[in-house]
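Student: Residues in the sequence shown are numbered consecutively from 19, following my numbering.
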Amino acid sequence: MDSLTQIVLGAAVGEAVLGKKVGNKAMLYGAIAGTIPDLDTLVGKFLDPLTAIEIHRGISHSIVFSIAMAPLLGWLVSKIHTKAQASWKDWSWLFFWGLITHPLLDAHTTWGTQFFWPFDLRLAYQNIFVIDPLYTLPFLIFLILVMRLPKTSPKRRKWNRFGIIVSSVYMLLTLILKGISYQKFTDALEEQNIEYTAIDTRPAAFNTILWYANVDVGDAYLLGDYSFFDTKPIAFRFVPKDHQFLGDYKDTKTIKRLEAIAQNWYTISRKDGNLYFNDLRFGAYDLDAKNLSFVFSYELIPTETGLTIKETERDPEAMKQVLRSLWERMWGN
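(1) Using alpha carbons as the reference points, say which of P67, L293 and W115 lies closest to P320.
(2) Could you check whether W177 and S245 sit closer than 9 Å to each other, using their CB atoms as the reference points?
(3) Tell me the DSSP bridge mates of I327?
(4) Just the C-alpha distance for L155 and T119, rounded to the nearest angstrom, thanks.
(5) What would DSSP say about N296, mapped onto helix, strand or coil?
(6) With distances taken between CB atoms, is the gap from T272 to I327 smaller than 9 Å?
(7) Leaving out five residues on either side along the sequence, give the residues of the same chain with a beta carbon under 7 Å from the beta carbon of S84.
(8) Which runs of the alpha helix (DSSP H) spanning at least 4 residues fall entirely within the region 49-103, listed in chain order?
(9) Can you have a look at S80 and say buried or exposed, based on whether 16 or more other CB atoms are within 10 angstroms of its CB?
(10) I'd like to check one pair, M189 with N145: are the Cβ atoms closer than 9 Å?
(11) Here's the rule I'm using: 16 or more other beta-carbon atoms within 10 Å means buried, otherwise exposed. How should N211 be labelled?
(12) Provide the residue(s) that pair with T285 in DSSP beta bridges, ordered along the chain.
(13) I'd like the list of long-range same chain contacts for W111, defined as Cβ closer than 8 Å, with 5 residues on each side in sequence excluded.
(14) Do the CB positions of D58 and G76 come within less than 9 Å of each other?
(15) Tell me which same chain residues have a C-beta within less than 7 Å of the C-beta of T128, skipping the five on either side of it?
(16) By a C-beta neighbour count over all protein chains shown, 10 Å radius and 16 as the cutoff for buried, is N296 buried or exposed?
(17) Is N232 helix, strand or coil when you go by DSSP?
(18) What are the start and end residues of the beta strand (DSSP E) that includes Y267?
(19) Along the chain, where does the alpha helix (DSSP H) containing G41 start, and where does it finish?
(20) Where M165 and N42 are concerned, what is the direct C-alpha to C-alpha distance, given to the nearest angstrom?
(21) Using DSSP with H/G/I as helix, E/B as strand and the rest coil, what is R220?
(22) My guess is that K173 and Q103 are in contact by the Cβ rule of under 8 Å, so how many angstroms apart are they, rounded?
(23) Leaving aside the five residues before and after W109 along the sequence, list all residues of the same chain whose C-beta is less than 6 Å from its C-beta, in chain order.
(24) Counting C-beta neighbours from all protein chains within 10 Å, is the total for R347 16 or more, i.e. buried, or is it exposed?
(25) I need the DSSP call for V148, collapsed to helix, strand or coil.
(26) M19: buried (16+ other C-beta within 10 angstroms of its C-beta) or exposed?
Rendered as C-alpha coordinates:
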(Lines of atoms letter the chains of each structure in order from A; the text may use other names.)
(Lines give C-alpha, C1' and ligand atoms only; values in the text may rest on other atoms or scores of the structure.)
Protein backbone atom coordinates (compact mmCIF):
# COMPACT_ATOMS: atom_id res chain seq x y z
CA MET A 19 0.00 0.00 0.00
CA ASP A 20 1.02 3.65 -0.29
CA SER A 21 3.15 5.34 2.39
CA LEU A 22 0.28 7.33 3.94
CA THR A 23 -1.79 4.18 4.46
CA GLN A 24 1.13 2.36 6.06
CA ILE A 25 1.81 5.33 8.33
CA VAL A 26 -1.84 5.42 9.43
CA LEU A 27 -1.95 1.67 10.06
CA GLY A 28 1.37 1.72 11.91
CA ALA A 29 0.26 4.63 14.09
CA ALA A 30 -3.04 2.91 14.93
CA VAL A 31 -1.21 -0.30 15.82
CA GLY A 32 1.27 1.65 17.97
CA GLU A 33 -1.61 3.30 19.79
CA ALA A 34 -3.32 -0.05 20.36
CA VAL A 35 -0.14 -1.61 21.77
CA LEU A 36 1.32 1.19 23.89
CA GLY A 37 -0.85 4.32 23.66
CA LYS A 38 -2.17 4.00 27.20
CA LYS A 39 1.37 4.21 28.59
CA VAL A 40 3.17 6.68 26.33
CA GLY A 41 0.41 8.54 24.48
CA ASN A 42 1.22 10.00 21.07
CA LYS A 43 4.79 8.65 21.20
CA ALA A 44 3.26 5.23 20.53
CA MET A 45 1.59 6.56 17.41
CA LEU A 46 4.83 8.23 16.28
CA TYR A 47 6.94 5.10 16.60
CA GLY A 48 4.15 2.95 15.22
CA ALA A 49 4.11 5.18 12.14
CA ILE A 50 7.91 4.86 11.84
CA ALA A 51 7.67 1.08 12.14
CA GLY A 52 4.99 1.08 9.47
CA THR A 53 7.31 2.78 6.97
CA ILE A 54 10.55 0.87 7.64
CA PRO A 55 9.83 -2.15 5.36
CA ASP A 56 9.52 0.16 2.34
CA LEU A 57 13.11 1.32 2.76
CA ASP A 58 13.90 -1.50 0.34
CA THR A 59 13.04 0.99 -2.41
CA LEU A 60 15.95 3.18 -1.30
CA VAL A 61 18.29 0.19 -1.36
CA GLY A 62 17.05 -0.60 -4.86
CA LYS A 63 18.33 2.75 -6.15
CA PHE A 64 21.89 1.46 -5.68
CA LEU A 65 21.21 -1.81 -7.54
CA ASP A 66 20.62 -2.74 -11.17
CA PRO A 67 16.95 -2.37 -12.24
CA LEU A 68 16.16 -6.08 -12.28
CA THR A 69 17.63 -6.79 -8.84
CA ALA A 70 15.79 -3.75 -7.46
CA ILE A 71 12.50 -5.22 -8.69
CA GLU A 72 13.32 -8.62 -7.21
CA ILE A 73 14.09 -7.34 -3.71
CA HIS A 74 11.02 -5.08 -3.54
CA ARG A 75 8.73 -6.42 -0.82
CA GLY A 76 11.22 -9.20 -0.19
CA ILE A 77 13.18 -9.71 3.03
CA SER A 78 12.06 -6.38 4.53
CA HIS A 79 8.45 -7.56 4.21
CA SER A 80 9.02 -10.92 5.88
CA ILE A 81 8.19 -12.28 9.29
CA VAL A 82 11.92 -12.96 9.74
CA PHE A 83 12.68 -9.26 9.37
CA SER A 84 9.96 -8.29 11.86
CA ILE A 85 11.20 -10.74 14.48
CA ALA A 86 14.84 -9.72 14.04
CA MET A 87 14.37 -5.94 13.94
CA ALA A 88 11.72 -5.48 16.64
CA PRO A 89 13.97 -6.11 19.68
CA LEU A 90 16.79 -4.03 18.19
CA LEU A 91 14.53 -1.05 17.51
CA GLY A 92 12.77 -1.55 20.83
CA TRP A 93 16.10 -1.43 22.69
CA LEU A 94 17.15 1.72 20.80
CA VAL A 95 13.93 3.61 21.60
CA SER A 96 14.00 2.46 25.23
CA LYS A 97 17.41 4.14 25.53
CA ILE A 98 16.04 7.36 24.02
CA HIS A 99 12.95 7.50 26.26
CA THR A 100 14.36 6.31 29.56
CA LYS A 101 11.69 8.18 31.55
CA ALA A 102 8.74 6.74 29.63
CA GLN A 103 6.45 4.26 31.36
CA ALA A 104 7.45 1.56 28.90
CA SER A 105 10.07 -1.17 29.05
CA TRP A 106 12.33 -2.51 26.34
CA LYS A 107 9.85 -5.37 25.90
CA ASP A 108 6.96 -2.92 25.50
CA TRP A 109 8.77 -0.99 22.77
CA SER A 110 9.84 -4.24 21.07
CA TRP A 111 6.25 -5.44 21.03
CA LEU A 112 5.16 -2.15 19.46
CA PHE A 113 7.80 -2.42 16.73
CA PHE A 114 6.98 -6.05 16.04
CA TRP A 115 3.33 -5.30 15.38
CA GLY A 116 4.15 -2.12 13.48
CA LEU A 117 6.54 -4.02 11.22
CA ILE A 118 4.48 -7.18 10.73
CA THR A 119 1.20 -5.45 9.86
CA HIS A 120 2.92 -3.65 6.97
CA PRO A 121 3.51 -6.79 4.86
CA LEU A 122 0.22 -8.30 6.00
CA LEU A 123 -1.53 -5.28 4.47
CA ASP A 124 0.66 -5.31 1.34
CA ALA A 125 -0.24 -8.97 0.80
CA HIS A 126 -3.70 -7.82 -0.30
CA THR A 127 -2.27 -5.90 -3.28
CA THR A 128 -1.29 -7.17 -6.72
CA TRP A 129 2.46 -7.05 -6.09
CA GLY A 130 2.11 -8.95 -2.83
CA THR A 131 4.88 -9.74 -0.34
CA GLN A 132 7.45 -12.45 0.33
CA PHE A 133 6.10 -12.83 3.84
CA PHE A 134 7.71 -16.24 4.33
CA TRP A 135 11.12 -15.25 2.96
CA PRO A 136 13.53 -17.01 2.33
CA PHE A 137 10.96 -19.47 0.98
CA ASP A 138 9.91 -18.74 -2.60
CA LEU A 139 6.29 -17.98 -1.82
CA ARG A 140 4.66 -14.62 -2.54
CA LEU A 141 1.36 -13.71 -0.90
CA ALA A 142 -0.76 -11.62 -3.28
CA TYR A 143 -4.51 -11.74 -2.71
CA GLN A 144 -5.13 -8.95 -5.25
CA ASN A 145 -8.27 -7.60 -3.61
CA ILE A 146 -7.26 -3.94 -3.16
CA PHE A 147 -5.34 -1.38 -5.20
CA VAL A 148 -2.14 0.03 -3.73
CA ILE A 149 -3.95 3.37 -3.16
CA ASP A 150 -7.58 3.12 -2.03
CA PRO A 151 -9.11 6.26 -0.48
CA LEU A 152 -12.03 4.33 0.99
CA TYR A 153 -9.61 2.29 3.08
CA THR A 154 -7.27 5.11 4.09
CA LEU A 155 -9.35 8.25 4.62
CA PRO A 156 -11.83 6.94 7.24
CA PHE A 157 -8.90 5.32 9.05
CA LEU A 158 -7.02 8.66 9.01
CA ILE A 159 -10.02 10.58 10.37
CA PHE A 160 -10.34 8.25 13.37
CA LEU A 161 -6.60 8.54 13.97
CA ILE A 162 -6.77 12.34 14.04
CA LEU A 163 -9.59 12.11 16.59
CA VAL A 164 -7.40 9.87 18.73
CA MET A 165 -4.42 12.25 18.59
CA ARG A 166 -6.48 15.09 20.04
CA LEU A 167 -7.38 13.18 23.21
CA PRO A 168 -5.27 12.67 26.38
CA LYS A 169 -3.61 9.28 26.68
CA THR A 170 -5.78 8.31 29.66
CA SER A 171 -9.07 9.00 27.87
CA PRO A 172 -11.23 5.88 27.27
CA LYS A 173 -12.52 7.59 24.10
CA ARG A 174 -8.99 7.48 22.70
CA ARG A 175 -8.90 3.70 22.72
CA LYS A 176 -12.51 3.55 21.54
CA TRP A 177 -11.88 5.70 18.43
CA ASN A 178 -8.68 3.82 17.64
CA ARG A 179 -10.41 0.45 17.83
CA PHE A 180 -13.23 1.81 15.72
CA GLY A 181 -10.76 2.94 13.02
CA ILE A 182 -9.14 -0.49 12.94
CA ILE A 183 -12.53 -2.21 12.78
CA VAL A 184 -13.86 0.02 9.96
CA SER A 185 -10.73 -0.46 7.85
CA SER A 186 -10.76 -4.22 8.47
CA VAL A 187 -14.44 -4.48 7.53
CA TYR A 188 -13.74 -2.62 4.29
CA MET A 189 -10.86 -5.00 3.54
CA LEU A 190 -13.21 -7.93 4.10
CA LEU A 191 -15.71 -6.29 1.75
CA THR A 192 -13.06 -6.06 -0.99
CA LEU A 193 -12.50 -9.82 -0.70
CA ILE A 194 -16.23 -10.38 -1.16
CA LEU A 195 -16.30 -8.05 -4.17
CA LYS A 196 -13.33 -9.89 -5.66
CA GLY A 197 -15.20 -13.17 -5.30
CA ILE A 198 -18.32 -11.76 -6.98
CA SER A 199 -16.36 -10.22 -9.87
CA TYR A 200 -14.40 -13.45 -10.32
CA GLN A 201 -17.68 -15.31 -10.68
CA LYS A 202 -18.88 -12.75 -13.24
CA PHE A 203 -15.75 -13.28 -15.34
CA THR A 204 -15.91 -17.07 -15.21
CA ASP A 205 -19.63 -17.03 -16.04
CA ALA A 206 -18.90 -14.83 -19.07
CA LEU A 207 -16.18 -17.21 -20.25
CA GLU A 208 -18.56 -20.14 -19.91
CA GLU A 209 -21.36 -18.33 -21.75
CA GLN A 210 -18.97 -17.50 -24.60
CA ASN A 211 -17.66 -21.10 -24.71
CA ILE A 212 -14.09 -20.00 -24.05
CA GLU A 213 -11.67 -22.62 -22.77
CA TYR A 214 -8.87 -21.32 -20.56
CA THR A 215 -6.09 -22.62 -18.33
CA ALA A 216 -5.87 -19.82 -15.75
CA ILE A 217 -7.55 -16.57 -14.74
CA ASP A 218 -6.16 -13.69 -12.69
CA THR A 219 -8.36 -10.86 -11.35
CA ARG A 220 -7.61 -7.56 -9.57
CA PRO A 221 -9.30 -4.20 -8.85
CA ALA A 222 -8.74 -1.11 -10.99
CA ALA A 223 -6.89 1.90 -9.60
CA PHE A 224 -8.33 3.71 -6.56
CA ASN A 225 -11.56 1.70 -6.31
CA THR A 226 -13.16 -1.72 -5.95
CA ILE A 227 -16.09 -1.10 -8.29
CA LEU A 228 -14.19 -1.81 -11.51
CA TRP A 229 -12.28 -5.09 -11.83
CA TYR A 230 -9.89 -6.49 -14.43
CA ALA A 231 -9.20 -10.05 -15.54
CA ASN A 232 -6.34 -11.73 -17.41
CA VAL A 233 -7.31 -15.07 -18.95
CA ASP A 234 -4.72 -17.52 -20.26
CA VAL A 235 -6.01 -19.28 -23.39
CA GLY A 236 -2.77 -20.90 -24.56
CA ASP A 237 -0.79 -18.80 -27.01
CA ALA A 238 -2.68 -15.65 -26.05
CA TYR A 239 -4.45 -13.83 -23.25
CA LEU A 240 -7.94 -12.43 -23.05
CA LEU A 241 -8.13 -9.16 -21.13
CA GLY A 242 -11.46 -8.01 -19.76
CA ASP A 243 -13.03 -5.58 -17.31
CA TYR A 244 -16.21 -5.56 -15.29
CA SER A 245 -17.92 -2.80 -13.32
CA PHE A 246 -20.65 -3.50 -10.80
CA PHE A 247 -22.67 -0.87 -12.69
CA ASP A 248 -22.36 -2.67 -16.06
CA THR A 249 -25.50 -3.53 -18.00
CA LYS A 250 -23.77 -5.10 -21.02
CA PRO A 251 -22.08 -8.52 -21.20
CA ILE A 252 -18.35 -8.71 -20.46
CA ALA A 253 -16.21 -8.40 -23.59
CA PHE A 254 -12.66 -9.74 -23.79
CA ARG A 255 -9.77 -8.38 -25.81
CA PHE A 256 -7.49 -10.89 -27.52
CA VAL A 257 -3.77 -10.25 -26.89
CA PRO A 258 -1.17 -12.67 -28.30
CA LYS A 259 1.67 -13.65 -25.99
CA ASP A 260 4.26 -13.41 -28.80
CA HIS A 261 6.90 -15.13 -26.67
CA GLN A 262 8.51 -16.28 -29.92
CA PHE A 263 9.83 -12.75 -30.40
CA LEU A 264 12.41 -13.53 -27.72
CA GLY A 265 14.20 -15.99 -29.98
CA ASP A 266 17.53 -17.01 -28.46
CA TYR A 267 16.92 -14.71 -25.49
CA LYS A 268 14.17 -17.01 -24.17
CA ASP A 269 16.54 -19.05 -22.01
CA THR A 270 18.65 -16.17 -20.68
CA LYS A 271 18.84 -15.52 -16.94
CA THR A 272 17.25 -12.11 -17.40
CA ILE A 273 14.12 -13.54 -19.00
CA LYS A 274 13.89 -16.32 -16.43
CA ARG A 275 14.09 -13.75 -13.64
CA LEU A 276 11.45 -11.56 -15.29
CA GLU A 277 9.19 -14.58 -15.76
CA ALA A 278 9.48 -15.34 -12.05
CA ILE A 279 8.64 -11.74 -11.15
CA ALA A 280 5.61 -11.69 -13.48
CA GLN A 281 4.63 -15.23 -12.44
CA ASN A 282 4.55 -16.04 -16.18
CA TRP A 283 1.79 -13.48 -16.88
CA TYR A 284 3.54 -11.56 -19.64
CA THR A 285 3.61 -10.68 -23.33
CA ILE A 286 6.46 -9.66 -25.59
CA SER A 287 6.01 -6.74 -27.98
CA ARG A 288 8.15 -5.07 -30.63
CA LYS A 289 8.32 -1.34 -31.27
CA ASP A 290 10.81 0.54 -33.45
CA GLY A 291 13.02 -2.52 -33.57
CA ASN A 292 13.12 -2.90 -29.77
CA LEU A 293 11.74 -5.71 -27.63
CA TYR A 294 9.56 -5.11 -24.58
CA PHE A 295 8.59 -7.40 -21.71
CA ASN A 296 5.07 -6.50 -20.52
CA ASP A 297 4.02 -7.64 -17.03
CA LEU A 298 0.29 -8.37 -17.33
CA ARG A 299 -0.40 -8.62 -13.60
CA PHE A 300 -0.89 -4.85 -13.53
CA GLY A 301 -2.76 -4.71 -16.83
CA ALA A 302 -3.00 -2.10 -19.56
CA TYR A 303 -3.77 1.59 -19.14
CA ASP A 304 -6.80 1.51 -21.44
CA LEU A 305 -8.30 -1.72 -22.79
CA ASP A 306 -10.12 0.25 -25.50
CA ALA A 307 -6.95 1.84 -26.90
CA LYS A 308 -5.90 0.85 -30.41
CA ASN A 309 -2.37 0.06 -29.25
CA LEU A 310 -2.20 -1.26 -25.72
CA SER A 311 0.26 0.30 -23.29
CA PHE A 312 1.01 -1.72 -20.17
CA VAL A 313 1.49 -0.31 -16.69
CA PHE A 314 4.73 -2.23 -16.18
CA SER A 315 6.74 -2.65 -19.35
CA TYR A 316 10.50 -3.18 -19.64
CA GLU A 317 12.68 -2.60 -22.68
CA LEU A 318 15.02 -5.55 -23.26
CA ILE A 319 18.47 -4.22 -24.10
CA PRO A 320 21.05 -6.65 -25.54
CA THR A 321 24.51 -6.66 -23.93
CA GLU A 322 27.68 -8.68 -24.48
CA THR A 323 26.65 -11.06 -21.71
CA GLY A 324 22.90 -11.28 -22.43
CA LEU A 325 20.18 -8.77 -21.61
CA THR A 326 19.58 -5.84 -19.33
CA ILE A 327 16.30 -4.00 -18.78
CA LYS A 328 14.98 -0.46 -18.63
CA GLU A 329 11.53 0.37 -17.30
CA THR A 330 9.37 2.27 -19.77
CA GLU A 331 8.71 5.84 -18.66
CA ARG A 332 5.14 7.01 -18.12
CA ASP A 333 3.73 10.03 -19.94
CA PRO A 334 2.07 12.41 -17.38
CA GLU A 335 -0.38 13.77 -19.95
CA ALA A 336 -1.34 10.27 -21.06
CA MET A 337 -1.87 9.36 -17.41
CA LYS A 338 -4.40 12.17 -17.02
CA GLN A 339 -6.40 10.80 -19.94
CA VAL A 340 -6.21 7.31 -18.48
CA LEU A 341 -7.62 8.56 -15.17
CA ARG A 342 -10.50 10.29 -16.96
CA SER A 343 -11.24 7.08 -18.91
CA LEU A 344 -11.04 5.06 -15.71
CA TRP A 345 -13.55 7.34 -13.98
CA GLU A 346 -15.99 7.02 -16.87
CA ARG A 347 -15.56 3.26 -17.18
CA MET A 348 -16.05 2.72 -13.46
CA TRP A 349 -19.69 3.81 -13.72
CA GLY A 350 -20.57 1.07 -16.16
CA ASN A 351 -21.38 0.55 -19.83
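Even glycine gets a Cβ: it sits at the ideal position worked out from N, Cα and C.
Quick caveat, the model's predicted, so the values are computed rather than measured.
Tutor: The structure says:
(1) As a first step, residue 320 must be located in the sequence shown, where it is residue number 302. The option with the nearest alpha carbon to P320 is L293.
(2) What you label residue 245 is simply residue 227 of the sequence shown in a count that begins at 1. What you label residue 177 is simply residue 159 of the sequence shown in a count that begins at 1. No, Cβ-Cβ distance for S245 and W177 is not below 9 Å.
(3) Stepping through the sequence shown from its first residue, residue 327 is reached at position 309. Paired residues: L318.
(4) Translated into positions along the sequence shown, residue 155 becomes position 137. Translated into positions along the sequence shown, residue 119 becomes position 101. Distance between the alpha carbons of L155 and T119: 18 Å.
(5) On the sequence shown, residue 296 is found 278 positions in, with the first residue counted as 1. If DSSP states are grouped into helix, strand and coil, N296 belongs with the strands.
(6) Residue 272 sits at position 254 when you count from the first residue of the sequence shown. Residue 327 sits at position 309 when you count from the first residue of the sequence shown. Contact flag set, yes.
(7) Taking the first residue of the sequence shown as 1, we reach residue 84 at position 66. So the list reads F114, L117 and I118, once near-sequence residues are dropped.
(8) 58-62, 67-73 and 81-98
(9) In the sequence shown, the residue the question calls residue 80 occupies position 62. Looking at its Cβ environment, which holds 16 or more other Cβ atoms inside 10 Å, S80 is buried.
(10) Position 127 of the sequence shown, counted from the start, is the residue given in the question as residue 145. Position 171 of the sequence shown, counted from the start, is the residue given in the question as residue 189. For N145 and M189, yes; Cβs fall inside 9 Å.
(11) For the purposes of this step, residue 211 is identified with residue 193 of the sequence shown, where counting begins at 1. N211 should be labelled exposed.
(12) Here residue 285 is taken as the residue at index 267 of the sequence shown, counted from 1. N296, per the DSSP bridge assignment.
(13) Numbered from its first residue, the sequence shown carries residue 111 at position 93. Taken in chain order, the residues that qualify are V35, L36, A88 and G92.
(14) Along the sequence shown, read from residue 1 onward, the residue named residue 58 stands at position 40. Along the sequence shown, read from residue 1 onward, the residue named residue 76 stands at position 58. Result yes, Cβ atoms of D58 and G76 sit closer than 9 Å.
(15) Taking the first residue of the sequence shown as position 1, residue 128 is located at position 110. Answer for T128: A142, Q144, R220, R299 and F300, listed in chain order.
(16) As a first step, residue 296 is located in the sequence shown; it is residue number 278 there, counting from the start. By the 10 Å Cβ count, N296 comes out buried.
(17) Within the sequence shown, the letter at position 214 stands for residue 232. Here N232 sits in strand by DSSP.
(18) In the sequence shown, residue 267 corresponds to position 249, counting from 1. No beta strand (DSSP E) holds Y267; DSSP gives it neither H nor E.
(19) Counting from one through the sequence shown, the residue named residue 41 turns up at place 23. No alpha helix (DSSP H) contains G41, which DSSP labels as neither H nor E.
(20) Here residue 165 is taken as the residue at index 147 of the sequence shown, counted from 1. Here residue 42 is taken as the residue at index 24 of the sequence shown, counted from 1. Roughly 7 Å between the two C-alpha positions.
(21) Sequence index remark: in the sequence shown, residue 220 carries index 202 (1-based). Strand at R220.
(22) Position 155 of the sequence shown holds residue 173. Position 85 of the sequence shown holds residue 103. Going by Cβ atoms, the distance from K173 to Q103 rounds to 20 Å, so no, they are not a contact pair.
(23) In the sequence shown, the residue the question calls residue 109 occupies position 91. So the qualifying residues of the chain are G92, V95 and S96.
(24) To locate residue 347, count along the sequence shown from 1; it is residue 329. That one is buried.
(25) Mapped onto the sequence shown, residue 148 falls at position 130. In the displayed model, V148 falls within coil according to three-state DSSP, outside both helix and strand.
(26) By one-based count along the sequence shown, residue 19 stands at place 1. Using a 10 angstroms sphere on the CB of M19, the tally of other CB atoms reaches 16 or more, which defines it as buried.
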